[in-house]
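S.K.:
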Amino acid sequence: MKRKNYAGFYDWEFELICTRQRHDVKLWKKLATKYGGPILDICCGTGRITQELAKMGFEITALDNSPEMLEILEKKKLPKVQTVLADMRDFSLDRKFKFAFISYSSFQQLLSLEDQAKCLNTIKRHLTDDGVLGIDINPHVLEGSDVQEKEISYIADFPARNSRVTMFTSHKIDLKNQIKHWEDTYVEIYPDGRKNEFINRESLKGCNRDDMQLLFEKCGYNIIDVFGDFDGGEMTEDSWNMVWVVS
Ligand SMILES: C[S@@+](CC[C@H](N)C(=O)[O-])C[C@H]1O[C@@H](n2cnc3c(N)ncnc32)[C@H](O)[C@@H]1O
38 MKRKNYAGFY
48 DWEFELICTR
58 QRHDVKLWKK
68 LATKYGGPIL
78 DICCGTGRIT
88 QELAKMGFEI
98 TALDNSPEML
108 EILEKKKLPK
118 VQTVLADMRD
128 FSLDRKFKFA
138 FISYSSFQQL
148 LSLEDQAKCL
158 NTIKRHLTDD
168 GVLGIDINPH
178 VLEGSDVQEK
188 EISYIADFPA
198 RNSRVTMFTS
208 HKIDLKNQIK
218 HWEDTYVEIY
228 PDGRKNEFIN
238 RESLKGCNRD
248 DMQLLFEKCG
258 YNIIDVFGDF
268 DGGEMTEDSW
278 NMVWVVS
């Protein structure tokens, strides 16, 4: 997927607005320690989690379908990290992993059950016999109004680019297909008045607990745990997350 402009904003924006999600790092560290390497970070993006696991000494393969996101990860020059440009639905690597994971709702970028099953089957082929997969799902994707007209999400300085960014967000929920489509417009202004404007579109599929359980079972996985938060707490109706640990 082309993320030409957005990739350069990802790490900065994540720090700025993802105050809850950033606590996921501790869970991935804990699971990596429990299940061991080599590790496969699927939809690794700019390596937000990979970089933390690399510091712990793990050997990591970081996979994403965006060359722009991978380029940023590669510039971090992390030890024992290999990047792979590939689609999570269909990749073929010449090694197997003791632990694979998909963080931050990225699995929900697969918008059909068929694609989700394809992805889980592909991952299964890349796990060792005792290999474990972790997936963090956002169970609240379809909540909120069906249509949200364009509104300001934030205005913030971006010191590394010497610019000020206004981000406008809007969304539509496609209830029939259980998909939320976002359209985010970034307007970046430099001190001399120059302007850089681009749009980033994201779509996520709503996933509920029963569907996920069925999907895992159909794809030959055993459920080890379902956590409702990044501390390993129980999943309830009010939980912010739904983290699956399967083998
Ligand atoms: C929200 S970012 C998450 C990045 C990182 N895992 C994190 O937690 O910060 C989602 C990532 O999924 C990648 N992605 C989306 N669809 C993909 C696909 N079909 N195959 C591989 N990567 C994909 C995007 O390029 C993007 O880097």
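Under the working numbering, the first residue of the sequence shown carries the number 38, and numbering increases by one thereafter.
C-beta: ideal position from N, C-alpha, C; glycine also.
1) Tell me, please, whether the stretch 225-244 touches the stretch 166-183 by the rule of three or more beta-carbon pairs shorter than 8 Å.
2) Measuring alpha carbon to alpha carbon, tell me which residue in Q88, D247, K213, R198 is nearest I226.
3) So, at 6 Å on beta carbons, what are the nonlocal neighbours of Y191 in its own chain, with the 5 sequence-adjacent residues on each side left out?
4) Take E271 and list the residues in its own chain whose beta-carbon comes closer than 6 Å to its own, dropping the five residues that flank it on each side.
5) Can you tell me whether K119 is buried or exposed? The criterion is at least 16 other CB atoms within 10 Å of its CB, across all chains shown.
6) Whole-angstrom Cβ separation of H163 and F138, contact assumed at under 8 Å?
7) May I ask you to check if the CB of G73 is nearer than 6 Å to at least one heavy atom of ligand 1?
8) Got a sec, what are the start and stop residues for the beta strand (DSSP E) Q119 sits in?
9) Determine the DSSP secondary structure at S190, reduced to helix, strand or coil.
10) Which of helix, strand or coil does DSSP assign to T70?
11) In chain order, which beta strand (DSSP E) runs of at least 3 residues are fully inside the stretch 146-199?
12) Give the DSSP bridge partners of F134, in chain order.
13) May I ask you to check if the CB of G171 is nearer than 6 Å to at least one heavy atom of ligand 1?
14) Is the beta carbon of I261 sitting closer than 7 Å to the one on S276?
15) Buried or exposed for I172, please, with buried defined as at least 16 other CB atoms from any protein chain shown within 10 angstroms of its CB.
16) Straight-line CA distance for S142 to M279?
17) Are the CB atoms of L107 and L122 within a distance shorter than 7 Å?
18) Helix, strand or coil for L251 per DSSP?
19) Distance check for V184 and G94, CA to CA, integer angstroms please.
20) Counting C-beta neighbours from all protein chains within 10 Å, is the total for R85 16 or more, i.e. buried, or is it exposed?
21) CB-CB under 8 Å to E286, same chain, minus the five flanking residues each way: which ones, in chain order?
M.R.: The structure says:
1) yes
2) R198
3) M204
4) G265
5) Note that residue 119 is Gln in the sequence shown here, rather than Lys. The residue is exposed, with fewer than 16 neighbouring Cβ atoms inside 10 Å.
6) That belief does not hold up - the Cβ atoms of H163 and F138 are roughly 12 Å apart, past 8 Å.
7) no
8) 118-122
9) strand
10) helix
11) 164-174, 184-195
12) L164
13) no
14) no
15) buried
16) 9 Å
17) yes
18) helix
19) 45 Å
20) buried
21) Residue 286 lies beyond the range of the chain shown here (38 to 284); nothing can be said about it.
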